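Here's the structure, in structure tokens; my notes come after.
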Amino acid sequence: MDELHIRRALGEFATGVSLVTTADEHGPAGFACQSFSSLSLDPPLVLFTVMRSSRTWPRIAETGRFAVNVLAEEQRPLSEAFGRRGADKFAHGTWATSPLGNPVLHGCVIWIDCELIAVHDGGDHHIAVGRIRDLGHREKAKPLVYHRGSYAGLAAAGRDAPADQLSRQRPSV
């Protein structure tokens, strides 16, 4: 199949925008990730995919840990900075260190601190599975969304309640 045709078709699927981060003796590292998902509640697992050519991936594999930072709609400049090679990605935003030692972004919708527990082959990508060790979220924050090659925000659909009016419960970890 034609790669461009596949990209266009899969671009119809709206996704959140996440930054996957780690840190080692060389400092912080990270990349913009659009293929992130919850995997299991028992045990608490998430997954993300990363290109085999990623410069950050070897550092995540070596440290055995990572954080997922799900961006809020006002954090688009961070996504753009993390999407560029060679940029000082961590010069943007306000960062803290997670309990596992990963960079976590202040003001993001969710941050999830994970231990890398499995890696699977995914063609030109790795599929990384992480066990959630800690997490936090910002109430009523609206996520940054990527759809059809562009950034977007959430809008209430039909008679559904706006996202900020839905009840949310913090999962126990």
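Here full-length UniProt numbering is used: position 65 in the sequence shown is 65, and no number is missing along the way. Cβ coordinates follow ideal geometry from the N, Cα and C atoms, glycine included. Owing to the predicted nature of the structure, the values given are computational and were not obtained by experimental measurement.
Considering only C-alpha positions, which residue in the set the options is nearest to residue i?
{"i": "L19", "options": "V119, G153, L105", "result": "L105"}
{"i": "I117", "options": "A96, R84, I60", "result": "I60"}
{"i": "A91", "options": "T15, G16, G27", "result": "G27"}
{"i": "I110", "options": "L71, W95, A32, R85", "result": "L71"}
{"i": "R85", "options": "W95, P43, A32", "result": "A32"}
Roughly how many angstroms separate the alpha carbons of residue i and residue j, rounded to a whole number?
{"i": "G93", "j": "L41", "result": "30 Å"}
{"i": "L4", "j": "G11", "result": "10 Å"}
{"i": "S150", "j": "R65", "result": "30 Å"}
{"i": "residue 175", "j": "Y146", "result": "The question about residue 175 has no answer here: the residues shown for the chain are numbered 1 through 173."}
{"i": "G30", "j": "A87", "result": "11 Å"}
{"i": "residue 217", "j": "V129", "result": "Residue numbering for the chain in the displayed model covers 1 to 173; residue 217 lies beyond these limits and cannot be assessed."}
{"i": "E25", "j": "A155", "result": "42 Å"}
{"i": "N102", "j": "A9", "result": "34 Å"}
{"i": "V119", "j": "H137", "result": "26 Å"}
{"i": "R7", "j": "T49", "result": "16 Å"}
{"i": "M1", "j": "D121", "result": "20 Å"}
{"i": "G83", "j": "E62", "result": "22 Å"}
{"i": "L135", "j": "H126", "result": "23 Å"}
{"i": "K142", "j": "M51", "result": "27 Å"}
{"i": "K89", "j": "V17", "result": "15 Å"}
{"i": "W95", "j": "P44", "result": "24 Å"}
{"i": "T15", "j": "R148", "result": "10 Å"}
Assuming residue i and residue j are in contact, meaning their beta carbons sit under 8 Å apart, how far apart are those beta carbons, in whole angstroms?
{"i": "E73", "j": "G153", "result": "5 Å"}
{"i": "S37", "j": "L47", "result": "6 Å"}
{"i": "A67", "j": "I112", "result": "6 Å"}
{"i": "Q34", "j": "L144", "result": "Q34 to L144, Cβ: 10 Å. No contact."}
{"i": "C108", "j": "N69", "result": "5 Å"}
{"i": "T97", "j": "T56", "result": "Contact doesn't hold; Cβ gap of about 17 Å is too wide."}
In or out: residue i buried (at least 16 other Cβ within 10 Å) or exposed?
{"i": "F13", "result": "exposed"}
{"i": "P99", "result": "exposed"}
{"i": "P58", "result": "exposed"}
{"i": "K140", "result": "exposed"}
{"i": "A161", "result": "Reliability fails at A161, whose pLDDT of 49 lies under 50, so the model's placement of it is uncertain and the value that follows must be treated cautiously. Result: exposed."}
Would you say residue i reaches chain C, if we count a Cβ-Cβ gap shorter than 8 Å as a contact?
{"i": "F31", "result": "The structure shown contains no chain C; it is built from a single protein chain."}
Could you tell me whether any non-hydrogen atom of the ligand SAH is closer than 7 Å to the CB of residue i?
{"i": "H5", "result": "Ligands are entirely absent from the displayed structure, and the ligand SAH is therefore not among its contents."}
- Query: Can you list the alpha helix (DSSP H) stretches of 4 or more residues lying completely in the region 76-100, in chain order?
  - Reply: 76-82
- Could you pull out every unbroken beta strand (DSSP E) segment of at least 3 residues lying fully inside the region 30-82, listed in chain order? 36-41, 44-51, 65-70
- Task: Pick out the complete alpha helix (DSSP H) segments inside the region 128-155, 4 residues or longer, and give them in chain order.
- Result: none
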